[in-house]
Amino acid sequence: MLDSEATEKTKIVTSGELLSEDDLVQPVSKEIPIVALAPTQKVKFEAYARMGIGKNHAKWQPTSAAIVKDGSQDGESILVIETNGALSAEETVFAALNKLDAKLKSFYQVVRTLEPQAPR
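Next comes the structure, spelled out in structure tokens:
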């Protein structure tokens with residue numbers, strides 16, 4: 114919820130003024146501008162957070178850029194990750210590795226159930 118008012122001068126309302134009923138649901142940053150209010154203007158609203166994944170919509174992707182480039186040494190690769198602040202670069206990499214690990218385990222289970230066929 115947000116309830117804010119500009120009294121005598123223009124006021125920039127930021128995400129730091131949002132009040133959450135759940136301690137786990139907080140803005141990524143308290144510095145995100147929401148609206149500029151002219152003197153005597155007010156704004157009041159309720160906001161609802163919805164969890165999603167980047168596979169369903171780009172607005173839920175934790176990264177804005179992920180690039181692999183060659184390093185200065187032979188065979189070296191450098192992973193550059195630019196996040197939107199929802200997760201750190203480290204958290205993003207570990208979440209991706211956990212997801213990949215789960216998919217590989219599932220794939221392995223399917224492969225184990227296959228029966229080899231004789232060559233034709």
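Residue numbers (my numbering): 114 to 233. For every residue, glycine included, the Cβ atom is placed at its ideal position computed from N, Cα and C. For clarity, every value in this text was computed on a predicted model and none was experimentally measured.
Distance from the CA atom of ILE125 to the CA atom of ALA171, rounded to whole angstroms, is 28 Å. For LYS218, the enclosing alpha helix (DSSP H) starts and ends at 202–226. With contacts defined by Cβ atoms closer than 8 Å, ILE194 and VAL206 form a contacting pair.
Annotated three-state conformation of GLU189 is coil, per DSSP. Straight-line spacing of the CA atoms in GLU144 and LEU115 works out to 15 Å.
Residue state for ALA171 is assigned as helix, using DSSP reduced to three classes. Excluding residues up to 5 positions away in sequence, GLU195, ASN197 lie with their Cβ nearer than 6 Å to the Cβ of SER177 in the same chain. The straight-line gap separating the alpha-carbon atoms of PRO146 and GLU121 is approximately 19 Å.
Excluding sequence positions up to five before and after ALA202, its CB lies within less than 6 Å of the CB of ILE194, THR196, all in the same chain and listed in chain order. According to the DSSP assignment, VAL126 belongs to the beta strand (DSSP E) that extends over 124–127. Remark: C-beta atoms of THR153 and ALA119 approach each other more closely than 8 Å.
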